[in-house]
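Asker: In our numbering, the protein residues as written are 7 to 322.
In this text, a Cβ means the ideal position worked out from N, Cα and C, and glycines have one as well.
In this text the structure is predicted, and so the values were computed from the model without any measurement.
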Ligand SMILES: Cc1ncc(COP(=O)(O)O)c(C=O)c1O
């Protein structure tokens, strides 16, 4: 069974070498652990049985985003995006993965002392693990608008996956679950819809696909970009603009996108049905196309995947 809790024997990359996860430890005074000064990523890989390969989904785009966003808290990631893709492929081979996987790169301020002012001591790690469904959205999700507001760009920029900023997501997720929702929807301080706690949001109105723009306190999602391309290629108009809360209640369709959530239909918002309360036609088509594309099965989007042929696990 896939539990999303990796075995401590899983081989990871840390301190410039491969080692078991159980040995990849940090001290309790680590700057990032105390002050949230890390930047992480999330990448999926899908097992394609016909090709006996793990299809890493847009790893180069993820690593380029990671390196760019690490500049915000001034964390240096010395390896190139290409080299990081190679390390990730090597992790797949060394672990002999033959399942869907999730890759968690993490770069952080690693000094071990007290004091918030950071220095130049940075580290990074990459963990790859078997991974299953993150949010079961087969029947559609019930999302709730959170009382917590999305972090503002001038507080902690949400466009980077900064560790400390995920307190914002954790607070909203915990409250949403306690209130019986599957996922939280954040509004920005100005009252516009920003995104889900761990995903981007799209609505469909009048045959158009609408999503908040990059300046609406969102993470500029790679799945968001993929889905915008799919919609565009299907001839569906895609509009990036601010969305009012009340538009959620009158939208024909709503869905979330993200590496972990994939393309997740929302069929209820704040106890109101979205459309007729079933998964809408555009959501369904995009979801099916996304499902095939990220497994390397659609020629037109084949460049999105990096296939990693996994042989027998190498001797460790
Ligand atoms: C807050 C937030 N928004 C959006 C996303 C979706 O981004 P991506 O599609 O690049 O995974 C994530 C994913 O991790 C996220 O944490």
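Report the rounded CA-to-CA distance for residue 315 versus residue 57, giving the unit in angstroms.
Answerer: As a position in the chain shown, residue 315 is number 309, starting the count at 1. As a position in the chain shown, residue 57 is number 51, starting the count at 1. Cα to Cα, residue 315 sits roughly 8 Å from residue 57.
Asker: Could you tell me the distance, in whole angstroms, from the CA atom of residue 290 to the CA atom of residue 259?
Answerer: For this step, residue 290 is matched to residue 284 along the chain shown. For this step, residue 259 is matched to residue 253 along the chain shown. Whole-angstrom Cα-Cα distance: 10 Å.
Asker: Going by alpha carbons, who is nearest to residue 154 out of 208, 295, 192, 131?
Answerer: Looking up residue 154 in the chain shown gives position 148. Of 208, 295, 192, 131, the residue nearest in Cα terms is 192.
Asker: Does the beta-carbon distance from residue 170 to residue 189 come in below 8 Å?
Answerer: Residue numbering aside, residue 170 sits at position 164 when the chain shown is read from its first letter. Residue numbering aside, residue 189 sits at position 183 when the chain shown is read from its first letter. Contact: no.
Asker: How is residue 35 classed by DSSP in three states: helix, strand or coil?
Answerer: By one-based count along the chain shown, residue 35 stands at place 29. Three-state DSSP puts residue 35 in coil, outside helix and strand.
Asker: With DSSP as the reference, identify every bridge partner of residue 148, one or two as the case may be.
Answerer: Position 142 of the chain shown holds residue 148. Beta-bridge pairing links residue 148 to 274.
Asker: List the DSSP bridge partners of residue 128.
Answerer: Residue mapping note: residue 128 aligns to position 122 of the chain shown, counting from 1. Partner(s): 115.
Asker: Is residue 294 near ligand 1, judged by its Cβ being under 7 Å from some heavy atom?
Answerer: Numbered from its first residue, the chain shown carries residue 294 at position 288. False, no ligand heavy atom lies under 7 Å from that Cβ.
Asker: Confirm, please, whether the CB-CB distance from residue 135 to residue 311 is below 8 Å.
Answerer: Mapped onto the chain shown, residue 311 falls at position 305. Mapped onto the chain shown, residue 135 falls at position 129. No, Cβ-Cβ distance for residue 311 and residue 135 is not below 8 Å.
Asker: Say the cut is 7 Å; is the CB of residue 167 nearer than that to a heavy atom of ligand 1?
Answerer: As a first step, residue 167 must be located in the chain shown, where it is residue number 161. Yes, the beta carbon of residue 167 sits closer than 7 Å to at least one heavy atom of ligand 1.
Asker: Does the distance from the CB of residue 178 to the CB of residue 275 come in under 8 Å?
Answerer: Sequence index remark: in the chain shown, residue 178 carries index 172 (1-based). Sequence index remark: in the chain shown, residue 275 carries index 269 (1-based). Against a cut-off of 8 Å, the Cβ pair of residue 275 and residue 178 comes out as no contact.
Asker: So what does DSSP say about residue 225, is it helix, strand or coil?
Answerer: Start at 1 with the first residue of the chain shown, and residue 225 comes out as number 219. In the structure shown, residue 225 falls within a coil segment according to DSSP collapsed to helix, strand and coil.
Asker: In whole angstroms, what is the alpha-carbon distance linking residue 1 and residue 140?
Answerer: Residue 1 lies beyond the residue range present for the chain, which begins at 7 and ends at 322; the question has no answer from this structure.
Asker: Nearest by alpha-carbon distance to residue 282: which of 255, 305, 296, 267 is it?
Answerer: Looking up residue 282 in the chain shown gives position 276. With respect to the C-alpha of residue 282, the residue from 255, 305, 296, 267 having the closest C-alpha is 255.
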